[in-house]
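Structure first, then comments.
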Amino acid sequence: MAPYNLAAALGATGSYLVYLGIGFCFGFILESSGFGDSRKLAAQFYFRELRVLKVMFTAIVVAMLLVFWSSALGLLDYGDIMVKETWLWPGIVGGLVMGVGFILGGYCPGTSLVSVATLKVDGMFFLLGHVVGVLAFGETVGYINEFWNSSYMGRFILPDLLGLDTGVVAFLVVCLALAMFLGFGWVQKRIYGRGDPE
Amino acid sequence: MKARINPRVLGAGFLLAASGALALYGQPDLEQKWAYMAPEYASRLEYREVYIDPAELLHLINDDYIDLIIYDVRNERDWNMFHLVDSERIDLKDLPSQRKRLRGLSELSVVVVVSNDEILATRAWKRLLALAKPNVYILEGGINHWLNVYGVMGDEHESHGTASLARPDGTLRHPFKLALGARHAASRPDEHRVAHREYTEKVKLLKKVKKAGGCD
Numbered sequence: 261m262a263p264y265n266l267a268a269a270l271g272a273t274g275s276y277l278v279y280l281g282i283g284f285c286f287g288f289i290l291e292s293s294g295f296g297d298s299r300k301l302a303a304q305f306y307f308r309e310l311r312v313l314k315v316m317f318t319a320i321v322v323a324m325l326l327v328f329w330s331s332a333l334g335l336l337d338y339g340d341i342m343v344k345e346t347w348l349w350p351g352i353v354g355g356l357v358m359g360v361g362f363i364l365g366g367y368c369p370g371t372s373l374v375s376v377a378t379l380k381v382d383g384m385f386f387l388l389g390h391v392v393g394v395l396a397f398g399e400t401v402g403y404i405n406e407f408w409n410s411s412y413m414g415r416f417i418l419p420d421l422l423g424l425d426t427g428v429v430a431f432l433v434v435c436l437a438l439a440m441f442l443g444f445g446w447v448q449k450r451i452y453g454r455g456d457p458e
Numbered sequence: 063m064k065a066r067i068n069p070r071v072l073g074a075g076f077l078l079a080a081s082g083a084l085a086l087y088g089q090p091d092l093e094q095k096w097a098y099m100a101p102e103y104a105s106r107l108e109y110r111e112v113y114i115d116p117a118e119l120l121h122l123i124n125d126d127y128i129d130l131i132i133y134d135v136r137n138e139r140d141w142n143m144f145h146l147v148d149s150e151r152i153d154l155k156d157l158p159s160q161r162k163r164l165r166g167l168s169e170l171s172v173v174v175v176v177s178n179d180e181i182l183a184t185r186a187w188k189r190l191l192a193l194a195k196p197n198v199y200i201l202e203g204g205i206n207h208w209l210n211v212y213g214v215m216g217d218e219h220e221s222h223g224t225a226s227l228a229r230p231d232g233t234l235r236h237p238f239k240l241a242l243g244a245r246h247a248a249s250r251p252d253e254h255r256v257a258h259r260e261y262t263e264k265v266k267l268l269k270k271v272k273k274a275g276g277c278d
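If you're matching them up, the sequences are chains A and B in order. Using the numbering used here, the final residue of the first sequence is 458, and nothing's skipped along the way. Using the numbering used here, the final residue of the second sequence is 278, and nothing's skipped along the way.
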């Protein structure tokens with residue numbers, strides 16, 4: 261039953277090759293979807309181009325369905341999948357900070373790496389700022405330690421919040437994603453008189 | 063003219079169908095999950111790798127470096143009659159409530175399940191493994207065996223002796239005079255005063271304990 265210990269099964273070199281292959285595919289898809297271009301990334305916030313949003317959410321729902329179908333069929337132990345623990349209020353504040361940074365800078369940390377791969381100067385500066393920000397945070401987090409460790413909820417996922425079966429929540433998330441695609445597409449047509457290119 | 067299906071609509075339809083089917087199919091409960099895990103873990107039961115001797119449990123109880131949880135899955139009546147100090151009574155059906163706690167255990171944690179014999183404890187072991195894969199073991203022979211080894215004659219009726227382990231039926235086969243719970247001498251015998259008992263160490267910690275004394 262997955263997840264498997266790749267290093268034990270394939271050895272260190274074998275597992276690194278697998279990671280390399282997955283990283284290559286990931287980077288290839290991100291770049292070809294426009295995740296390395298800050299103009300396309302920022303355009304989604306103005307409903308000008310929704311390709312990034314659609315790729316992102318499609319990836320999320322496909323991964324979600326693969327994970328939970330694998331779990332349902334006994335191929336994967338979902339309990340062994342690392343789920344980032346929840347610190348509610350620090351998470352909300354962090355999300356707001358990141359959202360503002362995303363709109364202002366045109367990148368999130370991951371997409372700035374994609375842009376650096378194609379030698380985009382704005383991406384390089386964003387990444388540099390990101391590294392400095394990480395260092396500055398590390399040096400100052402002690403001052404906000406109490407808030408930083410507040411409202412801890414452990415491994416907390418949507419079925420826990422809604423009190424619904426995981427499969428039902430997955431269905432609702434798919435409906436939400438599709439409704440969002442349709443709704444945002446409608447807004448895009450209303451504002452700009454056109455949808456995304458095919 | 064032949065109508066073309068929009069690939070976006072096709073993709074959306076596929077996602078809806080796959081998620082709708084998942085909602086109907088559901089996620090495996092603990093029994094089903096154990097069935098999926100059995101090929102990998104059942105050999106531990108078959109070769110009795112997880113059944114620990116009472117002496118090993120007594121050693122764990124007295125080891126301050128180990129975070130020990132003892133789940134007693136017997137009924138309330140037997141629990142009231144006798145139980146180990148610091149053990150926690152829990153019904154099998156309530157084990158899922160321990161998921162969060164078990165997932166948060168440190169690498170120096172050991173969980174031991176006890177029942178009167180091994181029947182209920184083995185079922186609990188399977189469920190705990192399906193629930194959170196803790197470092198979990200079963201008391202060999204259960205409370206009946208524990209009392210055979212550490213029981214005190216004065217606590218029990220005259221009929222006290224050694225309960226037969228040959229035909230386990232899940233009952234407490236030591237007749238107590240009073241329901242004293244954890245106030246029996248056998249609830250936490252002094253490891254240094256009981257007769258020495260040889261056993262094969264089966265408990266493996268997920269992390270090596272660094273024991274230091276004095277000024278270290």
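Every residue gets a Cβ at the ideal spot worked out from N, C-alpha and C, and that includes glycine. Since this is a predicted model, take the numbers as computed values, not measurements.
| Query | Result |
| --- | --- |
| Contained beta strand (DSSP E) runs [length at least 3] in the stretch 327 to 415 of chain A, N- to C-terminal order | 412 to 414 |
| Neighbour flag for K162 (chain B) against chain A, beta carbons, 8 Å | yes |
| Cα-Cα separation between V174 (chain B) and V392 (chain A), rounded to whole angstroms | 48 Å |
| C-beta neighbour in chain A for M99 (chain B), strict 8 Å | yes |
| S275 (chain A): first and last residue of the uninterrupted beta strand (DSSP E) it sits in | Element bounds for S275 (chain A): not the beta strand (DSSP E) but the alpha helix (DSSP H), L266 to S293. |
| Alpha carbon of R308 (chain A) to alpha carbon of G453 (chain A), nearest angstrom | 10 Å |
| Test item: CB-CB of L268 (chain B) and E169 (chain B) under 8 Å | yes |
| Residue-chain proximity (S81 (chain B), chain A), Cβ-Cβ < 8 Å | yes |
| Contacts that L325 (chain A) makes with chain B (C-beta to C-beta distance below 8 Å) | L77, A80, S81 and L84 |
| C-beta atoms of M261 (chain A) and M143 (chain B) nearer than 8 Å | no |
| Run of the alpha helix (DSSP H) containing E169 (chain B), from where it starts to where it stops | That residue, E169 (chain B), is in no alpha helix (DSSP H); it is neither H nor E in DSSP. |
| Distance between beta carbons of F317 (chain A) and A437 (chain A), contact taken as under 8 Å | 5 Å |
| Chain B contact residues for A319 (chain A), given Cβ-Cβ distances below 8 Å | Per Cβ cutoff of 8 Å: no residues; A319 (chain A) is ~12 Å from chain B at best. |
| Partner residues on chain A for Y87 (chain B), Cβ-Cβ distance less than 7 Å | A332 and G427 |
| Bridge partner(s) assigned by DSSP for A225 (chain B) | A225 (chain B) is not bridged to any residue. |
| Within 8 Å, strictly: CB atoms of Y338 (chain A) and V321 (chain A) | no |
| Cβ shell of P263 (chain A) (< 8 Å), same chain only, five flanking positions each side left out | L336, D337, D340 and I341 |
| Inter-residue Cα distance where the pair is D278 (chain B) and M324 (chain A) | A caution first: D278 (chain B) carries a pLDDT of 48, below 50, which makes its placement in the model unreliable, though a value can still be read off. Cα to Cα, the separation comes out at about 49 Å. |
| R189 (chain B) versus B:W208, B:S159, B:N178 and B:N68, residue with shortest Cα-Cα distance | B:S159 |
| Same chain, Cβ closer than 7 Å to A241 (chain B), neighbours up to 5 away in sequence not counted | N142 and M143 |
| Below-8 Å beta-carbon distance, K195 (chain B) vs any chain A residue | yes |
| Beta-carbon neighbours of A430 (chain A), restricted to chain B and to distances below 8 Å | S81, L84 and A85 |
| Under 9 Å from the C-beta of W329 (chain A): neighbouring residues of chain B | A80, A83, L84 and Y87 |
| H246 (chain B) classed as buried or exposed, judged by whether at least 16 other C-beta atoms fall within 10 angstroms | buried |
| Beta-carbon gap between G217 (chain A) and V278 (chain A) smaller than 8 Å | Nothing about residue 217 (chain A) can be read from this structure; chain A reaches only from 261 to 458. |
| Beta-carbon gap between K367 (chain B) and V112 (chain B) smaller than 8 Å | This structure gives no information on residue 367 (chain B), because the portion of chain B shown stretches from 63 to 278. |
| Cβ shell of F284 (chain A) (< 6 Å), same chain only, five flanking positions each side left out | none |
| Beta strand (DSSP E) runs contained entirely in the stretch 68 to 140 of chain B, provided each spans 3 or more residues | 129 to 134 |
| Closer than 9 Å at the beta carbon, the chain A residues around E102 (chain B) | M261 |
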